[in-house]
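Residue numbers (my numbering), protein chains in the order written: chain U, 1 to 424; chain F, 1001 to 1187.
From the three backbone atoms N, C-alpha and C, an ideal C-beta is built for every residue, glycine too.
Have a look at the structure below before the remarks.
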Amino acid sequence: MTLLNAWTVILLGAFCGVLPAQAQFRVEISGVGITQIPIAMANFRGEDRAPQKISQIIAADLERSGQFRSTPADAVIDEVSRPDFGPIRQKPADALLTGSVARMADGRFDVRFRLWDAVKGQDLGGQSYVVVPTDLRLVSHRIADQVYEKLTGDKGIFSTRIAYITKQGPKHFLWVADADGENPQAALSSQEPIISPSWSPSGNELAYVSFESRKPVVYIHDIASGKRRVLANFKGSNSAPAWSADGKTLAITLSRDGGSQLFLIDAKGGEPKRLTQSSGIDTEPVFTADGSAIYFVSDRGGSPQIYRIPAMGGPVQRVTFAGTYNISPSVSPDGRWLAYVSRMGNAYKLHVMDMVNDKTWPLTDTNADERPTFAPNGRLIMYSTQSQGKEALMTTTLDGKIRARLAGQVSNMREPHWGPFLNP
Amino acid sequence: MKKILSTLGLVLLLSACASGVKLNDVPVEDKSGAKVSVAPDPVLPAPMTAAPNPNEAKSAVVPVDTTSAANLSAGPGGNVSKVVFFDYDSYVVKADFQSTIDAHAQFLKANPRAKVSLEGHTDERGGREYNLALGQKRADAVRQSLSLLGVSESQIESVSFGKEKPAAQGADESAFAKNRRAEFFYR
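Following this line, the structure appears as structure tokens:
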């Protein structure tokens, strides 16, 4: 277990690091006493001639998690070599990742890796993948997931996907991208706004709100085929779609009966069933992962606060009490953590609540945080914020100590939603 | 051109009525949405258009009075404003705008076939979905004012754009004040 005797980084104050060449992202580390596993990354044999720098993508993934500190092994070491662990331990590093990339005659690539416990000099296993060139990033993320799971015991989220919205001039785009923000693919473009993308539990569909018919209408969009259908286009506004854990039902906000109220609707469409009854605003529903409850925002107490209601309806329980503006709830998959945005003075800041110990803390030093969304393993939160006048997507650890800005070729990235684990 | 579009709009509207099924209730599979593409700068899909309902009788003829259709989509003429502004954190129609509301109510009552969308908006502060709900409150406030003046609910739809369509750019109070509004949009 030497490997898990993680190394402790002591950093005084805050520092901003920019990775050299091919930087995938920018990581900010703040605070002291951050526990991280130091891992040495060998250059994969053959990766200089591959379209993607596999080892750098893996290193960036692991660092963004906040649980690793990567250091170059300063050598090309492939998965069949027996490494010399002396210099690796000196770095210091507890683990070493080695591998190779080879182009095959049919144009595909054979990617292999092997993970080592550098302290014990023990082989922790490896794997090989044969993929088309466009899947080299995906394979890199899969390897990062394996390393992460082997060394932390938690499932990795690097091969998952995210959805977000951009505005470029008059055009609005819905994007699907890798969890690191790279490899974005447009699912929809429109002259009118798009908001609130929400992944189905299968990861095959996105529900969202589009204003293309001059009012908010909820659509469900199959990502692979590009086919979509209207889920809710009732009189008034239709918004805030959220999927139940089994993917059969969505909670939505409708104004058709007056006010903005929560309804449940079958994913195939049909007649919605009213869930909440208040004279004001009830919106932003989100199901717990076990499907038993829905968190939502309501101004029934005079100011917007987060409440909880059984998913089948029933007594409503208030969850947030501090402050006069708490919105955009997101619940961790284990149900323990609640991320939300709280207004403090003129600033809108991402907060997280430990619902077991009833403690809350702010996570950022920015002032216009929006729409938190948990990674499927619950270890990171993604959100949008304003940085130097531009909207950007960030991830943060739950202690707020490791924050990373996602890659993106465009400004005005907003409305992130983190997709589920996908079966390889 | 506008006249032709209005006419077309009315034909679609009337043919929808003739079918006995509200367009709103028909599940639409729209083929014009962009497919997933790997292009970093994708081509825009064709703008959304109302597709003819294949279930409708193709031989139906609906008479259309083009003169009144054009007038209906123009709303009340003269100097009648189509915007109502709201105070910060307020969803109450101010007395200053009562004459505007009155003029629209008169027009709608005189033209029972006229239909108006009341579009609520907010300033840029805060979350998108919550602002959508706040904009809805503004649109609903104007709808209730019209209702009190005897306008039929069937002529009015109140919707919200939240903070998505600001009238003025900027992060200062003068921009915020221009964005806290409800607009009349005649269909």
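Short Cβ contact (8 Å threshold) for residue i with residue j
i, j, result
"LEU350(U)", "ALA368(U)", "no"
"GLY378(U)", "SER332(U)", "yes"
"ALA407(U)", "GLU182(U)", "yes"
"ASP117(U)", "ALA93(U)", "no"
"SER225(U)", "VAL217(U)", "no"
"ILE306(U)", "VAL316(U)", "no"
"THR373(U)", "TRP418(U)", "yes"
"SER1152(F)", "PRO1112(F)", "yes"
"ALA245(U)", "PRO285(U)", "no"
"LEU393(U)", "TYR208(U)", "no"
"THR283(U)", "PHE263(U)", "no"
"THR364(U)", "SER387(U)", "no"
"LEU422(U)", "SER159(U)", "yes"
"ASN346(U)", "GLN168(U)", "no"
"ARG228(U)", "ILE220(U)", "yes"
"TYR1130(F)", "PRO304(U)", "yes"
"VAL1092(F)", "GLN1155(F)", "no"
"HIS1104(F)", "PHE1184(F)", "yes"
Own chain partners of residue i with C-beta closer than 6 Å, once the 5 adjacent residues on each side are dropped
i, result
"PHE173(U)", "THR166, ALA186, SER189"
"ILE143(U)", "ILE58, PHE113"
"PHE44(U)", "ILE54, SER55, GLY99, SER100, VAL101"
"ILE281(U)", "SER260, ASP299"
"SER140(U)", "ILE54, ILE57, ILE58"
"LYS1022(F)", "Unreliable positioning characterises LYS1022(F) in this predicted model, as indicated by a pLDDT of 42, which lies under 50. The coordinate reading is nonetheless provided below. So no residue of the chain qualifies."
"LYS91(U)", "ALA40, THR71"
"TYR129(U)", "VAL111, VAL139"
"ASP334(U)", "GLY378"
"PRO184(U)", "TRP175, ALA177"
Contacts around residue i, its chain only, beta-carbon distance under 7 Å, and the 5 residues preceding and following it disregarded
i, result
"ALA1074(F)", "TYR1186"
"PRO83(U)", "ILE77, LEU96, THR98, TRP116"
"LEU124(U)", "LEU115, TRP116, ASP117, LYS150"
"LYS1165(F)", "HIS1121"
"ARG371(U)", "SER328, TYR383, SER384, GLU415, PRO416"
"LEU1072(F)", "ASN1111, ARG1113, ALA1114, TYR1186"
"THR1049(F)", "Bear in mind that a pLDDT of 43 at THR1049(F), under 50, signals an unreliable position, so the number given afterwards is only what the model happens to contain. Contacts found: none."
Nonlocal neighbours in the same chain, by C-beta distance under 8 Å from residue i, ignoring five residues either side
i, result
"ALA1139(F)", "LEU1118, GLU1119, GLY1120, SER1158, VAL1159, SER1160, ALA1182"
"ASP290(U)", "ALA245, GLY335"
"LYS1035(F)", "Residue placement at LYS1035(F) cannot be trusted, given a pLDDT of 40 that sits under 50; the coordinates are not used to answer."
"ASN1179(F)", "HIS1121, THR1122, ASP1123, GLU1124, LYS1163, PRO1166, ALA1167, ALA1168"
"GLN122(U)", "TRP116"
Closest residue to residue i among the options (Cα-Cα distance)
i, options, result
"ALA42(U)", "LYS91(U), GLY66(U), ALA311(U), LEU97(U)", "LEU97(U)"
"SER1145(F)", "LEU1072(F), TYR1088(F), ALA1060(F), LEU1108(F)", "LEU1108(F)"
"ARG414(U)", "GLY400(U), THR395(U), PRO420(U)", "THR395(U)"
"VAL111(U)", "GLN122(U), GLN52(U), ARG161(U), ARG214(U)", "GLN52(U)"
"ARG308(U)", "THR397(U), PHE321(U), ILE294(U)", "ILE294(U)"
"LEU231(U)", "ALA289(U), ALA245(U), ILE381(U), ILE252(U)", "ILE252(U)"
"PRO201(U)", "THR288(U), TYR129(U), THR324(U)", "THR288(U)"
"TYR148(U)", "ASN423(U), VAL341(U), SER279(U), PRO38(U)", "PRO38(U)"
"ASP74(U)", "ILE88(U), GLY345(U), GLN388(U), ARG64(U)", "ILE88(U)"
"PRO416(U)", "TRP199(U), ARG108(U), ALA40(U), SER239(U)", "TRP199(U)"
"ALA375(U)", "GLY107(U), GLY86(U), ASP154(U), ARG214(U)", "ASP154(U)"
"GLY1170(F)", "GLU1124(F), ALA1105(F), ALA1110(F)", "GLU1124(F)"
"MET344(U)", "MET353(U), THR324(U), MET355(U)", "THR324(U)"
"LEU1134(F)", "PHE1176(F), LEU1149(F), SER1090(F)", "SER1090(F)"
"GLN146(U)", "ASP61(U), GLY121(U), PRO197(U)", "ASP61(U)"
"ALA404(U)", "ALA179(U), SER237(U), ASP358(U)", "ALA179(U)"
"GLN277(U)", "GLY270(U), SER411(U), ASP257(U)", "ASP257(U)"
"GLY203(U)", "LYS171(U), LYS215(U), GLN168(U), ARG161(U)", "ARG161(U)"
"PRO1076(F)", "SER1059(F), ALA1095(F), VAL1093(F), GLN1106(F)", "GLN1106(F)"
"ALA1227(F)", "PHE1086(F), ASP1172(F), SER1081(F)", "Any property of residue 1227(F) remains undetermined from this structure, which presents chain F solely from 1001 to 1187."
"GLY126(U)", "GLU271(U), PRO170(U), GLU79(U), GLY400(U)", "GLU79(U)"
"LEU398(U)", "ALA50(U), GLN67(U), ARG49(U)", "GLN67(U)"
Rounded distance between the beta-carbons of residue j and residue i, thought under 8 Å
i, j, result
"ASP266(U)", "THR249(U)", "6 Å"
"GLY313(U)", "LEU275(U)", "6 Å"
"ALA240(U)", "SER279(U)", "With a Cβ gap of about 19 Å, ALA240(U) and SER279(U) do not count as contacting."
"GLY1126(F)", "TYR348(U)", "6 Å"
So if I threshold CB-CB distances at 8 Å, which residues from the region 361-378 of chain U count as touching chain F? So the list reads GLU370, ARG371, given in the order they occur along the chain.
What are the residues of the region 284-311 of chain U that lie near chain F, defined by any Cβ-Cβ distance shorter than 7 Å? Those residues of the region 284-311 of chain U that come within reach of chain F (Cβ to Cβ, closer than 7 Å) are GLU284, VAL297, PRO304.
Output, in sequence order along the chain, the residues in the region 244-277 of chain U whose CB is closer than 8 Å to any CB in chain F. Close to chain F, meaning a Cβ-Cβ distance shorter than 8 Å, are the following residues of the region 244-277 of chain U: THR253, SER255, GLY258, GLY259, SER260, GLY269.
Interface positions of the region 1098-1117 of chain F facing chain U (Cβ-Cβ less than 8 Å), listed along the chain: Cβ contacts with chain U come from SER1117.
Taking beta-carbon pairs under 8 Å, can you tell me which members of the region 1152-1163 of chain F lie near chain U? Flagged, chain order: GLU1157, SER1158, VAL1159, SER1160, PHE1161, GLY1162.
Which residues, in chain order, does the region 330-346 of chain U contribute to contact with chain F at a C-beta distance below 9 Å? For the region 330-346 of chain U, which is checked against every Cβ of chain F, the residues closer than 9 Å are VAL341, ARG343, ASN346.
Relative to chain F, which residues along the region 192-212 of chain U have a C-beta separation below 7 Å, given in chain order? Those would be PRO193, ILE195, SER196, PHE211, GLU212, in chain order.
Between the region 149-168 of chain U and chain F, which residues of the former have a C-beta closer than 7 Å to a C-beta of the latter? So the list is empty, because no residue satisfies the distance condition.
Select from the region 1125-1137 of chain F all residues with a C-beta closer than 9 Å to any C-beta belonging to chain U, and list them in chain order. Only those residues of the region 1125-1137 of chain F whose C-beta falls short of 9 Å from the nearest C-beta of chain U are listed: ARG1125, GLY1126, GLY1127, ARG1128, GLU1129, TYR1130, LEU1132, ALA1133, LEU1134, GLY1135, GLN1136, LYS1137.
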